[in-house]
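J.:
Protein chains: 2
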Amino acid sequence: MASETSPGFIDAARIEIDHALEQWLPQPPACPPLLAEAMRYSVMAGGKRLRPVLALAAAETISPTRIARQAALPVACALEFIHTYSLIHDDLPAMDDDSLRRGRPTLHVLYGDGLAILAGDALQAEAFALIAREPNSNTHELAERKLRVSGIVAQAAGAIGMVGGQAIDLQAAGQIRNRQAQLDGEALRAMHLKKTGALIRAAAVSGAVMAGADDRAIDAIEQWGTEIGLAFQIVDDILDVEGSSTEMGKTVGKDAAHDKPTYPSLFGLDRAREMADRCAHHAQQMLTDAGLAHGRLTEIADWVLRRRN
Amino acid sequence: MASETSPGFIDAARIEIDHALEQWLPQPPACPPLLAEAMRYSVMAGGKRLRPVLALAAAETISPTRIARQAALPVACALEFIHTYSLIHDDLPAMDDDSLRRGRPTLHVLYGDGLAILAGDALQAEAFALIAREPNSNTHELAERKLRVSGIVAQAAGAIGMVGGQAIDLQAAGQIRNRQAQLDGEALRAMHLKKTGALIRAAAVSGAVMAGADDRAIDAIEQWGTEIGLAFQIVDDILDVEGSSTEMGKTVGKDAAHDKPTYPSLFGLDRAREMADRCAHHAQQMLTDAGLAHGRLTEIADWVLRRRN
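If you read the sequences in order, they're chains R and D.
Heads up, the first sequence is in our numbering, so the first residue is 6 and it goes up one at a time.
Heads up, the second sequence is in our numbering, so the first residue is 6 and it goes up one at a time.
1) Is it right to say Leu196/R is buried, meaning 16 or more other beta carbons lie within 10 angstroms of its own, or is it exposed?
2) For Thr70/R, count neighbouring C-beta atoms within 10 Å of its own C-beta (all shown protein chains included) and say buried if the count is 16 or more, exposed if not.
3) Listing by chain order, which chain D residues have their CB less than 9 Å from the CB of Met100/R?
4) Quick one: give me the first and last residue of the alpha helix (DSSP H) that Asp23/R is part of.
5) Between the segment 162-174 of chain R and chain D, which residues of the former have CB atoms less than 9 Å from a CB of the latter, in chain order?
6) Leaving aside the five residues before and after Gln228/D along the sequence, list all residues of the same chain whose C-beta is less than 7 Å from its C-beta, in chain order.
7) By the 10 Å Cβ neighbour count, where 16 or more other Cβ atoms means buried, how is Ala81/D classified, buried or exposed?
8) With Ile233/D as the anchor, note down where its alpha helix (DSSP H) starts and where it stops.
9) Are the CB atoms of Gly202/D and Gly234/D nearer to each other than 8 Å?
10) Sorted by chain position, which residues of the same chain lie with C-beta nearer than 8 Å to His184/D's C-beta, five sequence neighbours on each side aside?
11) Measure the alpha-carbon distance for Ile22/R versus Gln171/D and round it to whole angstroms.
12) Are Gly163/R and Glu279/D close, meaning C-beta to C-beta below 8 Å?
13) Taking 8 Å as the CB-CB limit, is Leu39/D close to chain R?
14) Does the Cβ of Glu191/R have 16 or more other Cβ atoms within 10 Å, making it buried, or fewer, making it exposed?
15) Would you call the segment 264-279 of chain D in contact with the segment 289-306 of chain D, where contact means no fewer than 3 C-beta pairs closer than 8 Å?
16) Anything in chain R within Cβ reach of Cys82/D, meaning under 9 Å, just list it in chain order.
17) Would you call the segment 148-158 of chain D and the segment 23-42 of chain R touching, i.e. three or more CB-CB distances under 8 Å?
18) Closer than 8 Å by C-beta to Thr10/R: which residues in its own chain qualify, once you throw out the five before and the five after it? Chain order, please.
19) When you compare the CB of Ser211/R with every CB in chain D, is at least one pair closer than 8 Å?
20) Hey, does Cys36/R have any beta-carbon neighbour from chain C nearer than 8 Å?
21) Answer with buried or exposed for His113/D, where buried requires no fewer than 16 other C-beta atoms within 10 angstroms of its C-beta.
22) Going along chain R, which residues have a C-beta under 9 Å from Glu4/D?
23) Is any beta-carbon of chain R found at less than 8 Å from that of His94/D?
24) Chain D partners of Leu112/R, CB-CB under 9 Å?
25) In chain D, which residues lie with their C-beta within 7 Å of the C-beta of Met44/R?
26) Alpha carbon to alpha carbon, how far is Ala18/R from Arg54/R?
27) Given a threshold of 16 other Cβ atoms within 10 Å of its Cβ, counted over all protein chains shown, does Gln238/R qualify as buried or as exposed?
28) Could you tell me whether any Cβ in chain D is nearer than 8 Å to the Cβ of Ser155/R?
29) Kindly indicate which three-state DSSP category Leu97/D falls into: helix, strand or coil?
30) Note down, in chain order, all residues in the segment 274-286 of chain R with a beta-carbon under 8 Å from any beta-carbon belonging to chain D.
31) Can you pull the chain D residues whose beta carbon is under 9 Å from the beta carbon of Leu188/R, in chain order?
32) Would you check if the distance between the CB atom of Ile122/R and the CB atom of Pro79/R is smaller than 8 Å?
33) Compare the beta carbon distance of Leu128/R and Met44/R with 8 Å and say whether it is the shorter of the two.
34) Grab the span of the alpha helix (DSSP H) containing Arg206/D for me, first residue to last.
35) Please classify Met100/D as buried or exposed, where buried requires at least 16 other C-beta atoms within 10 Å of its C-beta.
36) In the DSSP output, which residue or residues are listed as bridge partners for Pro110/D?
Take a look at the structure:
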């Protein structure tokens, strides 16, 4: 598929996002020092910044202006706060019990489960505080966009979205007594559409809304986000089989060790790769049909597909 | 202090709130059934509904109209979702390790720690989804009020508010290795201003904002909420010493057993009771000065002070 690759966009966006995240993390003395330290440890651990980059790319696709980018940046960072909180809670002994994340000890290993739960809880709240910040400087239009995005992000993060997907995953892993549920290919897709897909889709849609997209563009970007979210997850499953802990910065081979159903385990590696490619192809088609294929989203799709970690 | 007691208001508000909470809880099939069941178990377990009642009382104090009440109801329920999530996470073995809440087993006892963490996480997200719901039916004014309230609630729930207070509490209880901190009377007050005070204050302010309060009224109600939040906590500490498990529906005497500093342990029971009365007196003075003493908030203050559970 055609793409105007500009290798600078993603790297520049990440630098801008890292700077903004650091600036918008709660600081002492208003925030208790130990909690601030724990939140910072997890948020500033690096990572791909896929969701915030995606929000900025969607905003730029709709309107390549400084105003659109400035409107999208707090929302982009809010999405990363939510993603980070979900990793902190996911890594807990009561969930996936992971001791390594992005090449470093997970938060609960350093601070204990209690503070890790609280750091995650606080990051979720701060995400919504960030979306709603500076209400007095809003025009009517900006206030309406922010409120809409707050609802989109909340739904994507909540019971019918990310957390719902986690609950299905937990149940499928047999971690709730007497309530195990087996996942087939269709159920696996449904689980991932919630667990990772919802927030990735919300990132794309939120960026577009903040930049003033009309309903037709929002629809196309929402469908694009659904396909790209699935492609991301399939590639994640493949990397868990193929990658090394060094490249991934987290424990690999855990899906197989936990006997978790994955795309490679259900369909084989070759078929899984084909499925990821097909999702990306569908995604690109949505953009082309909506006249949005010129934008940064095409570049993001390539990145999602070709990443090594 | 004078109060037009209308014993019906609080009971009627609770019935309306219970009905709305039930209606607004995420439902299957969009929400995975097990997660929906867990969220419902905790939200519909009863409880005083102090925060949502307070939001409705503040709204009625500003504008005793049906429109104001309808605008405040989703916000009131959002506050109860957040309060419920904080109780679920607080009861976890990694935090207070409580097995009894409102006379029934705590959520993690029934479903395991993993699902309890997720049910709490989902309730926080749903709170913000509820505040932002039906964006298309908003006037400009309503959208701006909702966005402002979303930010107020997020700050009150997050790192500089409720979760920040929990983190101080956890640290004071010696649950973070090598990082224990002793609390004196002043630090105890600061901790409670965050841990329980922030959300109680936010409830009052949010109800007032949704009903269209001006800045002077919001200031007065914010200060009233601060005093009432402290009074609530002091009474809670007193009831933990004096109450029975049957009346309280939770394990009592836990503060002493955990060697936690409380108002009675630091100042004695008589002095603690005086302090609660003084807070309520200050609170009433704020309302009188702002010309708001005629409203429902006076009634709520009496309730907070005289409650037996």
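Where a beta carbon is used, it is the ideal one built from N, C-alpha and C, also for glycine.
Nothing here was measured: the structure is a model prediction, and the numbers come from that model.
T.: So, to answer that:
1) Taking the first sequence and counting its residues from 1, one reaches residue 196/R at position 191. In the sequence under discussion, the amino acid at residue 196/R is Met, which differs from the Leu named in the question. That one is buried.
2) What you label residue 70/R is simply residue 65 of the first sequence in a count that begins at 1. Exposed, because fewer than 16 other Cβ atoms sit within 10 Å of the Cβ of Thr70/R.
3) Residue mapping note: residue 100/R aligns to position 95 of the first sequence, counting from 1. Neighbours of Met100/R on chain D, chain order: Asp118, Gly119, Ile122, Leu123.
4) By 1-based counting over the first sequence, the position of residue 23/R is 18. Counting along the chain, the unbroken alpha helix (DSSP H) around Asp23/R starts and ends at 13-29.
5) Answer set for the segment 162-174 of chain R: Ala162, Gly163, Ala164, Ile165, Gly166, Met167, Val168, Gly169, Gly170, Gln171, Ala172, Ile173.
6) Looking up residue 228/D in the second sequence gives position 223. Taken in chain order, the residues that qualify are Met291.
7) Residue mapping note: residue 81/D aligns to position 76 of the second sequence, counting from 1. Ala81/D comes out buried.
8) To locate residue 233/D, count along the second sequence from 1; it is residue 228. Here the alpha helix (DSSP H) through Ile233/D covers 220-247.
9) The residue given as residue 202/D occupies position 197 in the second sequence. The residue given as residue 234/D occupies position 229 in the second sequence. When the beta-carbon positions are compared, Gly202/D and Gly234/D come within less than 8 Å of each other.
10) Position 179 of the second sequence holds residue 184/D. In the sequence under discussion, the amino acid at residue 184/D is Arg, which differs from the His named in the question. Short of 8 Å from the beta carbon of Arg184/D, and not among the five residues preceding or following it, lie these beta carbons of its own chain, in chain order: Gln176.
11) Translated into positions along the first sequence, residue 22/R becomes position 17. Translated into positions along the second sequence, residue 171/D becomes position 166. Distance from the CA of Ile22/R to the CA of Gln171/D, rounded to the nearest whole angstrom, comes to 29 Å.
12) Position 158 of the first sequence, counted from the first residue, corresponds to residue 163/R. Position 274 of the second sequence, counted from the first residue, corresponds to residue 279/D. No, they are not a contact pair.
13) Position 34 of the second sequence, counted from the start, is the residue given in the question as residue 39/D. Residue-level contact by beta carbon holds for Leu39/D and chain R, with a gap shorter than 8 Å.
14) Residue mapping note: residue 191/R aligns to position 186 of the first sequence, counting from 1. Looking at its Cβ environment, which holds fewer than 16 other Cβ atoms inside 10 Å, Glu191/R is exposed.
15) The segment 264-279 of chain D makes no contact with the segment 289-306 of chain D, as fewer than three CB pairs between them are under 8 Å.
16) The sequence position of residue 82/D within the second sequence is 77, counting from 1. Chain order gives no chain R residues near Cys82/D, where near means a beta carbon separation below 9 Å; the closest approach is about 14 Å.
17) Touching, no.
18) Taking the first residue of the first sequence as position 1, residue 10/R is located at position 5. Interpretation of Thr10/R is limited by its pLDDT of 48, a score under 50 that renders its predicted location unreliable; no figure is taken from the coordinates.
19) Here residue 211/R is taken as the residue at index 206 of the first sequence, counted from 1. Taking Cβ atoms only, chain D never reaches closer than 8 Å to Ser211/R, which makes this a no.
20) Among the protein chains in the structure shown, which are R and D, there is no chain C.
21) On the second sequence, residue 113/D is found 108 positions in, with the first residue counted as 1. Buried.
22) Missing from the structure shown is residue 4/D; chain D here goes from 6 to 314 and no further.
23) In the second sequence, counting from the first residue as 1, residue 94/D sits at position 89. Closer than 8 Å: yes.
24) Taking the first residue of the first sequence as 1, we reach residue 112/R at position 107. The premise fails here: Leu112/R is roughly 12 Å from chain D at the closest Cβ pair, so nothing lies under 9 Å.
25) Looking up residue 44/R in the first sequence gives position 39. Here the neighbours are Ala164.
26) Residue mapping note: residue 18/R aligns to position 13 of the first sequence, counting from 1. Residue mapping note: residue 54/R aligns to position 49 of the first sequence, counting from 1. If I take the Cα positions, the gap works out to 9 Å.
27) What you label residue 238/R is simply residue 233 of the first sequence in a count that begins at 1. The residue in question, Gln238/R, is buried, as its Cβ has 16 or more Cβ neighbours within 10 Å.
28) Indexing the first sequence from 1 puts residue 155/R at position 150. It does: the Cβ of Ser155/R has a partner Cβ on chain D nearer than 8 Å.
29) Counting from one through the second sequence, the residue named residue 97/D turns up at place 92. Note: Leu97/D maps to coil in three-state DSSP.
30) Those would be none; no residue qualifies.
31) In the first sequence, counting from the first residue as 1, residue 188/R sits at position 183. Listed by position along chain D, the residues whose Cβ is nearer than 9 Å to that of Leu188/R form an empty set, because the closest Cβ is around 12 Å away.
32) For the purposes of this step, residue 122/R is identified with residue 117 of the first sequence, where counting begins at 1. For the purposes of this step, residue 79/R is identified with residue 74 of the first sequence, where counting begins at 1. Cβ atoms of Ile122/R and Pro79/R: not closer than 8 Å.
33) Sequence index remark: in the first sequence, residue 128/R carries index 123 (1-based). Sequence index remark: in the first sequence, residue 44/R carries index 39 (1-based). A contact, by the Cβ cut-off of 8 Å.
34) Here the question's residue 206/D lines up with position 201 in the second sequence. Note, Arg206/D: alpha helix (DSSP H), 203-215.
35) Reading the second sequence from its first residue, position 95 is the one you call residue 100/D. Buried, because 16 or more other Cβ atoms sit within 10 Å of the Cβ of Met100/D.
36) For the purposes of this step, residue 110/D is taken as residue 105 along the second sequence, with counting starting at 1. DSSP, once it has assigned bridges, lists Leu105/D as partnering Pro110/D.
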